[in-house]
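The sequence shown begins at 1295 in my numbering and counts up by one. Here the structure is laid out as structure tokens; the discussion comes afterwards.
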Amino acid sequence: MKNDPRKHFSALQIIHKILREHVQPGDICIDATAGRGKDTLFLAELVGETGHVTAFDIQEAAVESTRALLAEHGMTDRAEAVLDSHAHMAQYAQPGTVSAITFNFGWLPGGDHNVFTRPESSIAAIEAGLELLRDEGIMTLILYYGRETGFEERDALLAYLPTIDSDRYTVIEMPFVNRPNCPPIPIVILKG
Ligand SMILES: C[S@@+](CC[C@H](N)C(=O)[O-])C[C@H]1O[C@@H](n2cnc3c(N)ncnc32)[C@H](O)[C@@H]1O
1295 MKNDPRKHFS ALQIIHKILR EHVQPGDICI DATAGRGKDT LFLAELVGET
1345 GHVTAFDIQE AAVESTRALL AEHGMTDRAE AVLDSHAHMA QYAQPGTVSA
1395 ITFNFGWLPG GDHNVFTRPE SSIAAIEAGL ELLRDEGIMT LILYYGRETG
1445 FEERDALLAY LPTIDSDRYT VIEMPFVNRP NCPPIPIVIL KG
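If you want it as structure tokens, here you go:
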């Protein structure tokens, strides 16, 4: 009998498992792609009342959805959604202070499939984020490709990641090797 695909681990579940190990109460985190706010809420729960999460999105609909989700869960004191590109995240945090930064590339779930993350701003944002991470901080990426987004962002990011300074960062790609149909690629970057 074929496995029920709903029981398969998703890239998001794998990344959340890793983030759960890393993020502590009181931490500062960034959700670089707010979307509907699920990762922002997840991080807000992990950082607790004393931590802070800043989430970015370039679409008003995403920022509104994220703010509504945070309000619904009583998290507006510890998490905020800003209408700005993640490429500008260095304007919102001090270098060496951020415990975790998440990127979930692609388009807004249930939104306009013509608006999606682009390699130039994604790479600029990763570079900015690497400087914001504290020692032993973590950056996670989930890379989607195929369908409307094509392969340009995947190819650009997979070419860029090996150029990250190996003296300062550990970069791990974890592609699914037995899953069909362009499965997303989870990636982890550790500062150290
Ligand atoms: C796959 S969705 C994120 C899903 C989200 N993590 C959630 O829980 O719903 C990707 C999001 O990235 C946003 N995005 C695209 N380019 C961006 C940029 N330069 N800066 C910030 N967000 C961007 C899109 O508008 C979209 O909402």
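For each residue, glycine too, the CB sits at the ideal point set by N, CA and C. Quick caveat: nothing in here was measured; it's all calculated off a predicted structure.
Our two residues, isoleucine 1312 and alanine 1349, have alpha carbons roughly 19 Å apart in a direct line. In the DSSP assignment, no residue is bridged to lysine 1332. Closest in C-alpha terms to glutamate 1374, from the list Phe1399, Ile1322, Ser1393 and Ile1417, comes Ile1322. Remark: the shortest separation between the CB of lysine 1332 and any heavy atom of ligand 1 falls under 8 Å. Contact between valine 1465 and isoleucine 1483 is confirmed by a C-beta separation of about 5 Å, below the 8 Å threshold.
Exclusion of the five residues before and after histidine 1310 leaves Phe1336 as the residues of its chain whose Cβ lies within less than 7 Å of its Cβ. Boundaries of the beta strand (DSSP E) harbouring proline 1480: 1479-1485, taken from the DSSP string. In the structure shown, the three-state DSSP call for methionine 1383 is helix.
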